[in-house]
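Encoded as structure tokens, the structure appears first; notes follow it.
There are 4 protein chains.
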Amino acid sequence: MSNRNIQVEPMVGHAVEDQTVEIVERKGIGHPDSICDGIAEHVSEALAREYIERVGRVLHYNTDETQLVAGSAAPAFGGGEVTAPIYLLIVGRATREYEGTKIPTEPIALRAAREYLTEHIPELSLGTDIVIDVEFGEGSGDLQEVFGDSGRMVPMANDTSFGVGHAPLTETEQIVRSTEHRLNGEYAATHPEIGADIKVMGKREDDHIDVTVAVAMVDSYVDSMDDYRQSVRDVREYVHDLAMEYTDRSVTVHVNTADDYDEGAIYLTTTGTSAEQGDDGSVGRGNRANGLITPNRSMSMEATSGKNPVNHIGKIYNLLSTEIAQRVVREVSGIRQIRIRLLSQIGQPIDHPHVADAAIVTESDVPLSTIEDDVAAIIDDELANVTGITDRIIHGELTTF
Amino acid sequence: MSNRNIQVEPMVGHAVEDQTVEIVERKGIGHPDSICDGIAEHVSEALAREYIERVGRVLHYNTDETQLVAGSAAPAFGGGEVTAPIYLLIVGRATREYEGTKIPTEPIALRAAREYLTEHIPELSLGTDIVIDVEFGEGSGDLQEVFGDSGRMVPMANDTSFGVGHAPLTETEQIVRSTEHRLNGEYAATHPEIGADIKVMGKREDDHIDVTVAVAMVDSYVDSMDDYRQSVRDVREYVHDLAMEYTDRSVTVHVNTADDYDEGAIYLTTTGTSAEQGDDGSVGRGNRANGLITPNRSMSMEATSGKNPVNHIGKIYNLLSTEIAQRVVREVSGIRQIRIRLLSQIGQPIDHPHVADAAIVTESDVPLSTIEDDVAAIIDDELANVTGITDRIIHGELTTF
Amino acid sequence: MSNRNIQVEPMVGHAVEDQTVEIVERKGIGHPDSICDGIAEHVSEALAREYIERVGRVLHYNTDETQLVAGSAAPAFGGGEVTAPIYLLIVGRATREYEGTKIPTEPIALRAAREYLTEHIPELSLGTDIVIDVEFGEGSGDLQEVFGDSGRMVPMANDTSFGVGHAPLTETEQIVRSTEHRLNGEYAATHPEIGADIKVMGKREDDHIDVTVAVAMVDSYVDSMDDYRQSVRDVREYVHDLAMEYTDRSVTVHVNTADDYDEGAIYLTTTGTSAEQGDDGSVGRGNRANGLITPNRSMSMEATSGKNPVNHIGKIYNLLSTEIAQRVVREVSGIRQIRIRLLSQIGQPIDHPHVADAAIVTESDVPLSTIEDDVAAIIDDELANVTGITDRIIHGELTTF
Amino acid sequence: MSNRNIQVEPMVGHAVEDQTVEIVERKGIGHPDSICDGIAEHVSEALAREYIERVGRVLHYNTDETQLVAGSAAPAFGGGEVTAPIYLLIVGRATREYEGTKIPTEPIALRAAREYLTEHIPELSLGTDIVIDVEFGEGSGDLQEVFGDSGRMVPMANDTSFGVGHAPLTETEQIVRSTEHRLNGEYAATHPEIGADIKVMGKREDDHIDVTVAVAMVDSYVDSMDDYRQSVRDVREYVHDLAMEYTDRSVTVHVNTADDYDEGAIYLTTTGTSAEQGDDGSVGRGNRANGLITPNRSMSMEATSGKNPVNHIGKIYNLLSTEIAQRVVREVSGIRQIRIRLLSQIGQPIDHPHVADAAIVTESDVPLSTIEDDVAAIIDDELANVTGITDRIIHGELTTF
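What follows is the structure, given as structure tokens:
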């Protein structure tokens, strides 16, 4: 066992699954805030990889301030048009030169953003529906210092910050997450009428779960009001079936509840995202690192997307604590809920946090004492391999929102 | 009693004050994220007041996407200079015309932002140290619909959202909050060397509290390294004395711990904010509506600053729930901790939330049953007067960050 | 004959062809100023056509303030890269709505700009080498008044302005113009190594003509310094042969004279335009409406590119006067040089200028009196058909730079 | 006598004063294009002075791409307001660091622009009526090379370019120039109702001069339509009297001819410049270096304002040729008109132009041979002292527009 400050304690109170009221939310990949998160992170990965390829190490950068200014659109059954473009500004800092090698940071960022949008929001025509701009400043001299070879050395914490992770997900959390993932995945593959901007809110009161889904419908695939209503019904049915895979509780699904058919006020869009009409977006204002907004659980305010994965302690600790929590419940039996918190100590190596604490609700018949060593060992092991998180982030293996 | 869905329940588990580890953070008024919050909210207030004065009602607007792009500076003992200006872009939507009356929304916003900075970050020379720009789009047609006369009618919820509030503050929370407030208040009045960018982190383990303060020192009031070190010591002493007013626990205060005197690496600035050198900022990424970041407590992700106070349900419910929690502990005895949550129901009047639930930890000798009616009555009363929150926001009586 | 104020006079002095020193310049299609001119005008044409298609008439707009902010590049033999993108901002005013029909002015402009660049500067990768942005304001209320059906009615002059045109071109002018046109045309078709940014200056002293050509070479088609030198020699030879088609005078051709082979300082680019590295551009600062800069001749300062072709009197008169001058020398014998000036009278129909004056140098044996009626008749006829100019502009049949 | 290539020749044809039709224009200091010129040049001067003060020499910069995007305003008798701010973007390149010394180029530019506007367009409230932004790139490596100590060494021509100057001014030119200068000077001092945006066009046909003046009236000093009409009459009378000081020809003055009193369409503004409502501006699209637009005379297309005064050959030669022409007519009798042209030779010292030619119309009784040596001597002397032009530009002693 290392000399790390690891604490394993019982959590007082009920697991979230057992609380009376639970609220969970997920902003889907096409939500304006998520677009910003996704681009910020994708740009970050691209920069990290290019730095490694060109100069053998990751240089100073942060791309976590992407801002989206909404456009205007005139959707219409059968196909409308964008009337004023969305404006997306990638803001951040990035080192442009290292020992004589110039790194084309802004073109790299633009290319990454374009790739990302092409893949995830295909209805958006780049350059006409959306203008993508970039402005990278240079960091201060000391911040431009480079990180160890390929990031292999354990860096020092650059801030006093913390990360938090939870496992396992509750039924409601699983439903909310899966609803968005699968609508934007398998469902969209055969239903082009649903846009990528899907917002899901789950509310559980005791044993009843309400799932409220807002889906931006794409006008070119919706020919009439009847068509639209059918699309809404199809989504409702699909989500209900999906939810039943995760729970035995009763579930009610609501889709596009703000629609008013009599007024003709429906959620119809040209590009599949509300960014086309009045909804601005920012990084870090939506989902936490585990893909959810969970007021019943401890959350960090850190915007992880776009942060430098080598030395940004908030990003690393949020992702690592989530990984630890998930591994613990995979490998250790008898845990109903675990929360991992990692608190950094500025100036110390990041594999030695100020404190790493695990708060656990065990199954009723499992004394904490029987598992706490196993839990501590996993935490210790994961901290020892903290730089692995960086590699996985760079290669796009971890999601941040 | 009304027909509102109000639930008062016992909270399972310890009050935060009684938990083993507690973490609290506050980003001071001069932090780049807080500058964005402050300007977004001040601009919002100014717009609301001008709308009322000019057309008798608050029109559609949101100014919650202010973005700050950091500048560069060359601080020096005795006074350095900004070498590249900070760029602050106020983004949002605002209605420019109503029944033939034009409202100069962008000049109003610029004026409000300038007033705010002049008052709160006086070391920043407007127009040369910082460029303030504004870009307001117009909302969609239906969103431009006006709100009831002066906002007196109870509006409908425009979204499924929720707010959460807590009371009372723990000792650690009080210390963190007061440290920033009083440093930026009474202390700064006689110590011009401290800048407005003050970040405070409190960590309590059992009965020991660590208060970590990062203060941007203003170079024109610091003549030498000795001077600087003395300034750091003065802050430490002041904060320690302050902390002892709030607690009997042991307290250690750390100030500017990232300094390295041998390397000459210290936290010296020309303008008193790290925005002058590399630190960007955004709305809604810092303090929650109660002025704190509290991972031990339930938090909402909503950016409240800059949101329209008439109909933005997330803003209203976050502020209202905090108000309710505070009033309850003021008026009802025997409560160790209360959490109020308000969940909206889209399309319903905002004084009738989908659910209003109070979770309470009572003093050990107080049965919940003896107070729950009182609590419910206060919740009911506050909901009945929900529009009062809007008025107080507009007049700057409530803080949002 | 109409009642137009047409004056035909002898020009005192020598024709430019007979003056001792003559200076002529042309900025080629890939020069940063010309890129701005070209996009401004192409956007203007696209808007005019869309207005006609959507609402039957051209609405108020001007797109004559496009600005190009240069990027950075690291060219290299065999292929380098752009390291910071060019930023091109299309600025102007355009009417977004007319009797309930919305016109997507900004997307139209973006599309037109992209088409233009794809066709004329093919080495520029849109979206990564160059960011294209647009910001259209709305004009003042009275300026938004629409123009007659499809622009058929003769509009009133909106300003006191004038236009000037000349014919025929001198030998030096023909050489300068043809050099750029043919290098960017037939020569580029088989010599991909030359970029679109070609600047040509002609200077004639008596019977000797110096042609100085600066050609941005494209690095991916140039493998070595020897290659580069060969490319320069090839251009020199081509231009010399070309020049001899237009003159019997002696001609010296200089290509990329600022090169310093010993220092390795050559005019090598990645994209074929100096906009990639440090050279900004603006509308209206380069070629006049006849495609040349001619200090020996009277010139107008008007930026014609991007101006509204229905009512912008400076644009119409500059193009019309050039058309008139050319037609006169085509149809009337005995003219060595003609200058046409049209001066508008604000508030009067544009087919009735305040004064239309022709200044003519006749061949030595031709008395002006024998041709002046013919000249006046052509001027009168062209003015009577002034709206034809508008149609030809809209359909891209006239060049403005 | 030096070995400079100086040619003095007779000009064939009439002096402009003796031609039948003459057209002259001046855009006053508050015209959107002139605002850009003025700020570009004032920023340039400030940068040059700061460079000299901080590092002893002028570094590479150009600030000649300032762009003004018009605002919106709602003028009203007695005082209206700006409803959307003017946006002014100072674009250019400037060296930020030299041998370890950082130069705050952007703050210097912002400060200079603010000073300039405060002095010349006092009705504009900085920061609310107008947003001033700046974006300076860095030039390419070789362009960042510094210039000789304080610019004392004679630099090499960086381009093939030319400059042209004329003297003396014709009566019409004097009237046009003085009208604007004196309206914006002595007249404005006692007539605050006239704004700085004054456009003057002079047209002379034989011995009649029409002076057309467009004056932006400032609403806070104009209480009624009667007031406005009186203001227009006052300007007309003042300009007529002024014109008679310069000529014995007959003069008609027209003021604000586009007004339509019946429609209430008048030239009323809140800030005294049309930039407040729809009129954009750019550098280099208005007055030439002598303050006038003179289609009857040879003009250069160079934008002189904002160009680097140490090595930008177009700027230096335009100003120098004007200086030479003026000095010649001051010191040498018998000249009715002189035109000086200076053509640079790339890579050669700028005091040795490729050719310097003077074209002269002498008084009828003065043979050119009696004065040509005197003229050549002055040209030679001025070229020998070419760097003096740079100093005078830097110290704001020469105007560029």
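Protein chains in written order, with our numbering: chain P, 4 to 404; chain F, 4 to 404; chain S, 4 to 404; chain B, 4 to 404.
Ideal placement from N, C-alpha and C gives every residue a C-beta, glycine not left out.
7 Å Cβ cutoff met for residue i and residue j
| i | j | result |
| --- | --- | --- |
| glycine 399 (chain B) | isoleucine 374 (chain B) | no |
| phenylalanine 80 (chain F) | serine 227 (chain F) | yes |
| cysteine 39 (chain P) | glycine 284 (chain P) | yes |
| asparagine 65 (chain S) | lysine 310 (chain S) | yes |
| threonine 69 (chain F) | valine 286 (chain F) | yes |
| alanine 115 (chain S) | histidine 45 (chain S) | yes |
| threonine 205 (chain F) | asparagine 321 (chain F) | Looking at the sequence itself, residue 205 (chain F) is glycine, so the reference to threonine does not match. Result no, Cβ atoms of glycine 205 (chain F) and asparagine 321 (chain F) do not sit closer than 7 Å. |
| arginine 29 (chain S) | arginine 180 (chain S) | yes |
| tyrosine 231 (chain F) | isoleucine 201 (chain F) | no |
| arginine 395 (chain P) | glycine 130 (chain S) | no |
| leucine 71 (chain S) | leucine 91 (chain S) | yes |
Contact belief for residue i with residue j at Cβ below 8 Å, rounded distance in angstroms
| i | j | result |
| --- | --- | --- |
| valine 238 (chain S) | valine 218 (chain S) | 6 Å |
| glycine 317 (chain B) | glutamate 305 (chain B) | 4 Å |
| isoleucine 349 (chain S) | alanine 328 (chain S) | In fact, because the Cβ distance is near 24 Å, the residues do not count as touching under 8 Å. |
Exposed unless 16 or more other CB atoms sit within 10 angstroms - verdict on residue i
| i | result |
| --- | --- |
| aspartate 265 (chain S) | exposed |
| glutamine 351 (chain S) | exposed |
| threonine 104 (chain F) | exposed |
| aspartate 3 (chain P) | What is shown of chain P runs 4 to 404, which leaves residue 3 (chain P) out entirely. |
| histidine 211 (chain P) | exposed |
| arginine 333 (chain S) | exposed |
| proline 298 (chain S) | buried |
| aspartate 2 (chain S) | Because chain S in this structure spans residues 4 to 404, residue 2 (chain S) falls outside the shown range and cannot be described. |
| methionine 247 (chain F) | exposed |
| serine 367 (chain B) | exposed |
| asparagine 314 (chain P) | buried |
Coarse secondary structure for residue i, derived from DSSP in three states
| i | result |
| --- | --- |
| arginine 1 (chain P) | Nothing in the structure corresponds to residue 1 (chain P), since chain P is present only between 4 and 404. |
| valine 406 (chain F) | Outside the displayed span of chain F (4 to 404) sits residue 406 (chain F), for which this structure offers no information. |
| glycine 95 (chain S) | strand |
| glutamine 70 (chain S) | strand |
| tyrosine 90 (chain S) | strand |
| proline 352 (chain S) | strand |
| alanine 160 (chain B) | coil |
| tyrosine 54 (chain F) | helix |
Endpoints, the beta strand (DSSP E) within which residue i is located
| i | result |
| --- | --- |
| threonine 365 (chain P) | 358 to 365 |
| glutamate 102 (chain F) | That residue, glutamate 102 (chain F), is in no beta strand (DSSP E); it is neither H nor E in DSSP. |
| proline 13 (chain P) | 9 to 13 |
| isoleucine 32 (chain B) | Neither: isoleucine 32 (chain B) is in no beta strand (DSSP E) and is coded neither H nor E. |
| lysine 206 (chain P) | 197 to 208 |
The ligand NAP heavy atom lying under 6 Å from the CB of residue i
| i | result |
| --- | --- |
| isoleucine 341 (chain F) | In terms of ligand content, the structure shown is empty, and the ligand NAP therefore cannot be addressed. |
Extent of the continuous alpha helix (DSSP H) run through residue i
| i | result |
| --- | --- |
| threonine 182 (chain S) | 174 to 185 |
| glutamate 423 (chain B) | Coverage of chain B is limited to positions 4 through 404, which leaves residue 423 (chain B) absent and any answer about it impossible. |
| arginine 342 (chain F) | Not the alpha helix (DSSP H): arginine 342 (chain F) falls in the beta strand (DSSP E), residues 338 to 346. |
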